[in-house]
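Notes follow the structure.
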Amino acid sequence: MSPREYLAIIHCIAGLKERTRHAWMKSGRQESVAEHSWRTALMAYFLHSRFPGTDLTRILLMALLHDIGEIFTGDIPTFKKTDADRAREHELRDRWIASLPPPYAQKVRPLFDEMDAGESEEARLVKALDRMEAVITHNEGDPTTWLPLEYDLQHIYGGKEAAFSPALKDLRAEVNNEVDAVIAALKKEERT
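Quick note, the sequence shown lines up with residues -2 to 189 if you use the working numbering.
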């Protein structure tokens, strides 16, 4: 890969730092897609020992790359994203993957095929953590930024994806405890 090709990739993926997500952080600013992907990867790293036999490198790459299509479409909250939005994101993502110089296109393409299929333990782990990271970020932020539908969504988002693993079910239950504490504190504050 030439330095020019390398820099083209690096400049493109900088879009992950620039695209904001629906979630607001403790600091009062919106989270970027890059921050979400970074923490999803670290969540996977610190939970990897509960998934013996999985490939940590593949898991980390999936976590870091899973929202690469949002460089081109921006983040669309799950409750607003349509099948047409998903198709457009995948089309643009796939075009980007195909444009990568060898051997990267041939290495990245199978990771996305695996994530899209959602059958491997690695892909299922990343999907569950992707969802839980969003809930955790909401819990850490100001709950007054939540939309009314998010009070219920906070309890269920990622639950189905976590159901395949006792470790993830336990983590999701603890995240729900945090959701309950955030909502209880908000209600208490509203009463005073």
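From the three backbone atoms N, C-alpha and C, an ideal C-beta is built for every residue, glycine too.
The three-state reading of DSSP puts H63 in coil, since its state is none of H, G, I, E or B. With a cutoff of 8 Å on beta-carbon distance, L44 and A164 are scored as near each other. Residues of the same chain with a CB within less than 8 Å of the CB of G115, apart from the 5 flanking positions on each side, are R121 and K124 in chain order.
The segment 90 to 106 and the segment 143 to 153 do not touch, with fewer than 3 CB-CB distances between them shorter than 8 Å. T54 counts as exposed, since fewer than 16 other C-beta atoms from the protein chains shown sit within 10 angstroms of its C-beta. Counting C-beta atoms within 10 angstroms of its own C-beta, A38 has 16 or more neighbours from the protein chains shown and is therefore classed as buried. Beta-bridge partners of S29 (DSSP): T17. Under the three-state reduction of DSSP, F109 is assigned to helix.
The alpha carbon of A84 has as its nearest neighbour, out of D113, A60 and M59, the alpha carbon of D113.
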